[in-house]
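>
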Amino acid sequence: MATIGIDTAHAADILSTGGLVGIPTETVYGLAANAFDEQAVIKVFKAKNRPAFDPLITHIANNDALLPLVKHIPEKAQLLMDKFWPGPLTLVLPKSDKISDLISSGLTTAAFRMPRHNLLHKLLVRIEFPIVAPSANPFGYVSPTTAEHVNQQLGDKIDYILDGGASKIGVESTIIGFEDEKPTILRLGGLSVEDIEALVGPVGINISSSSKPSAPGMLIAHYSPSKSVVSGNIDEIIKKHAGGKIGILSYHEKYPGYPNFVLSEKASLDEAAMNLFAALRWFETQDVDLVITEKVPDEGLGKAINDRLNRASIN
Ligand code: TXA
Ligand code: MG
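The opening position of the sequence shown corresponds to residue 0 in numbering that gives the first Met the number 0, with each subsequent residue numbered one higher.
1) Following the continuous alpha helix (DSSP H) through Gly301, name the residue where it begins and the one where it ends.
2) Comparing the CB of Pro54 with every heavy atom of ligand 1, is any distance shorter than 7 Å?
3) Along the alpha helix (DSSP H) that carries Leu56, what are the first and last residues, could you check?
4) With 16 as the cutoff for other CB atoms within 10 Å, does Met0 come out buried or exposed?
5) On the criterion of 16 or more Cβ atoms from any shown chain inside 10 Å, does Asn48 qualify as buried, or is it exposed?
6) Alpha carbon to alpha carbon, how far is Phe128 from Ala34?
7) Write down every uninterrupted run of the beta strand (DSSP E) in the stretch 103-130 whose length is 3 residues or greater and which is fully enclosed by it, in chain order.
8) Can you find the residues in the same chain that come closer than 7 Å, C-beta to C-beta, to Leu198, ignoring five residues on each side of it along the sequence?
9) So, helix, strand or coil for Ile237, using DSSP?
10) If you measure from the CB of Leu79, is any heavy atom of ligand 1 nearer than 7 Å?
11) With DSSP run on the structure shown, which of helix, strand or coil describes Gly154?
12) Please go through the stretch 160-214 and give each complete beta strand (DSSP E) segment of 3 or more residues, from N-terminal end onward.
13) Note down the Cα distance separating Ala39 from Ile130, rounded to an integer number of angstroms.
14) Take Phe282 and list the residues in its own chain whose beta-carbon comes closer than 6 Å to its own, dropping the five residues that flank it on each side.
15) Do you know whose CA, among Asp297, His58, Gly29, lies nearest Gly149's CA?
16) Quick check on Glu283 - is its C-beta less than 8 Å from some C-beta in chain D?
17) Would you list the one or two residues that DSSP bridges to Asn61?
18) Quick one: what's Thr2 bridged to in DSSP?
19) Compute the distance between the beta-carbons of Ser166 and Glu270, then report whether it is under 8 Å.
20) What do you reckon, is the C-beta of Ser142 under 7 Å from a heavy atom of ligand 2?
21) Round the Cβ separation of Thr144 and Val27 to the nearest angstrom and send it over; I've been treating them as touching at under 8 Å.
22) May I have a chain-ordered list of the beta strand (DSSP E) segments no shorter than 3 residues that lie completely inside the stretch 71-101?
23) Could you name the residues of the same chain whose beta carbon sits closer than 6 Å to that of Pro212, not counting the 5 residues immediately before and after it, in chain order?
24) As an exercise, report each continuous beta strand (DSSP E) stretch of at least 3 residues that is fully enclosed by the stretch 4-29, in chain order.
25) Taking the alpha carbon of Ser263 as the reference point, which residue from Gly256, Leu101, Leu248 has its own alpha carbon closest?
26) If I follow the unbroken alpha helix (DSSP H) through Leu289, where does it start and stop?
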């Protein structure tokens, strides 16, 4: 198991000498390494068992750190950065030679994000290099939202985990690409489509979860937990599976008599997003074969929640 603590100097030492550190962010926990140290980046892929075709996000402390890493910043990318960084937004931009092909999986573009988290910021300003940080879960599992989740799944492969408390947003960052300068959402996430469109006008959404995804890591079963998940009208699905070992993952209503996780009793989509991955993990510990869930309202963070539930379900 890794040591868990709040020592940013220690975390900085580990990163500077090629080690791996679990880091808190406002979206989910990440598995960090020095982006300029090829061997350290290889360790990240190995620790996660992540295929080399799934590129990494490079995390930076401030705008100045971005400039040497990119060739060009589209106008709308600049607007988005100015308004939403630091925050749950990742931009895919043409990369400079400073970003290795390992990080970008051979693409000419690479993903960048400036996280909004005090403790992580303290670490980022201590080091003189950007860090790569995929979500700190083994490939194909749900992203961690606490230091303890990271320790459970990757503790034997990491030197240290920086404990910044439970992630406040709870779903991964929204990813936007700029083919032909036009913004397109490649992954729904912690920054809502409404907030993005209010700033830059209508954006395309291309989150196809086929075998040829536009954001290469967004394979269909990427968030699949080990139980079957089925989504729809909860009461109807309960009837179909009467007698089975079922659990209920509901938005705001309670289902007494079943192992039941309510995402937000007050029907807040922000609170539901924050609880979503912990809820999926909770069902792993319950004696159920099937988790029945439902769509949440398709607005705000609800779009990202529905996307993750879709990816986790068999229907
Ligand atoms: O919220 C987050 O973004 C978290 C925290 C830790 O920052 N990180 C995260 O990283 O979710 P990861 O590696 O689990 O997902 C990053 C995804 C990749 O799977 C891939 O789909 C996309 O970013 N990506 C990276 N580079 C890309 C590129 N050049 N073009 C398109 N998509 C890219
Ligand atoms: Mg991930």
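Glycine is no exception: its CB is placed at the ideal position from the N, C-alpha and C atoms. Please read these numbers as outputs of a predicted model, since none were measured by experiment.
Taking the definition as stated:
1) Residue 301 sits at position 302 when you count from the first residue of the sequence shown. Per DSSP, Gly301 belongs to the alpha helix (DSSP H) from 301-311.
2) As a working mapping, residue 54 is identified with position 55 in the sequence shown. At least one heavy atom of ligand 1 is found less than 7 Å from the C-beta of Pro54.
3) As a position in the sequence shown, residue 56 is number 57, starting the count at 1. A quick correction: the sequence has Ile, not Leu, at residue 56. For Ile56, there is no enclosing alpha helix (DSSP H); the residue is part of the beta strand (DSSP E) that begins and ends at 56-58.
4) Counted from its first residue, the sequence shown places residue 0 at position 1. Looking at its Cβ environment, which holds fewer than 16 other Cβ atoms inside 10 Å, Met0 is exposed.
5) Counted from its first residue, the sequence shown places residue 48 at position 49. Result: exposed.
6) By one-based count along the sequence shown, residue 128 stands at place 129. By one-based count along the sequence shown, residue 34 stands at place 35. The C-alpha of Phe128 lies about 7 Å from the C-alpha of Ala34.
7) Runs found: 108-112.
8) In the sequence shown, residue 198 corresponds to position 199, counting from 1. Apart from the 5 residues on each side of it in sequence, Leu198 sits with its Cβ closer than 7 Å to the Cβ of Leu78, Leu79, Lys82 in its chain, given in chain order.
9) The count along the sequence shown starts at 1 and reaches residue 237 at position 238. Residue state, collapsed to three classes: helix.
10) Numbered from its first residue, the sequence shown carries residue 79 at position 80. In terms of side-chain proximity, the C-beta atom of Leu79 is found no nearer than 7 Å to any non-hydrogen atom of ligand 1.
11) One-based indexing of the sequence shown puts residue 154 at position 155. DSSP places Gly154 in helix when its eight states are reduced to three.
12) Within the stretch 160-214, the runs of beta strand (DSSP E) that reach at least 3 residues and sit entirely inside it are, in chain order, 173-176, 183-186.
13) Sequence index remark: in the sequence shown, residue 39 carries index 40 (1-based). Sequence index remark: in the sequence shown, residue 130 carries index 131 (1-based). So the alpha carbons of these two residues sit roughly 10 Å apart.
14) By 1-based counting over the sequence shown, the position of residue 282 is 283. Scanning its chain for C-beta atoms nearer than 6 Å, with the 5 sequence neighbours on each side dropped, one finds around Phe282 the residues Lys226, Gly246, Val290, in chain order.
15) Position 150 of the sequence shown, counted from the start, is the residue given in the question as residue 149. What sits at residue 149 in the sequence shown is Val, not Gly. When each option's Cα is compared against that of Val149, the closest is Gly29.
16) In summary, chain D is missing from the structure at hand, where a single protein chain is found.
17) As a first step, residue 61 must be located in the sequence shown, where it is residue number 62. According to DSSP, which records beta bridges pairwise, Asn61 is partnered with nothing at all.
18) Counting from 1 along the sequence shown, the entry for residue 2 is found at position 3. Answer is Tyr159.
19) Counting from one through the sequence shown, the residue named residue 166 turns up at place 167. Counting from one through the sequence shown, the residue named residue 270 turns up at place 271. Not a contact, by the Cβ cut-off of 8 Å.
20) If you number the sequence shown from 1, residue 142 lands on position 143. Inclusion of Ser142 in the 7 Å shell around ligand 2 follows from its C-beta lying nearer than that to a non-hydrogen atom of the ligand.
21) Locating residue 144 in the sequence shown gives position 145, where the first residue counts as 1. Locating residue 27 in the sequence shown gives position 28, where the first residue counts as 1. Indeed, because the Cβ distance is near 6 Å, the residues count as touching under 8 Å.
22) Within the stretch 71-101, the complete beta strand (DSSP E) runs of at least 3 residues are 88-93.
23) Working through the sequence shown from its first residue, we reach residue 212 at position 213. With a pLDDT of 41 at Pro212, under the threshold of 50, the modelled position of this residue cannot be trusted; read the value that follows with caution. Here the set comprises nothing.
24) Runs of the beta strand (DSSP E) inside the stretch 4-29: 20-22.
25) The sequence position of residue 263 within the sequence shown is 264, counting from 1. When only C-alpha atoms are compared, the closest one is Leu248.
26) Stepping through the sequence shown from its first residue, residue 289 is reached at position 290. It is not in any alpha helix (DSSP H) - Leu289 instead sits in the beta strand (DSSP E) that spans 289-292.
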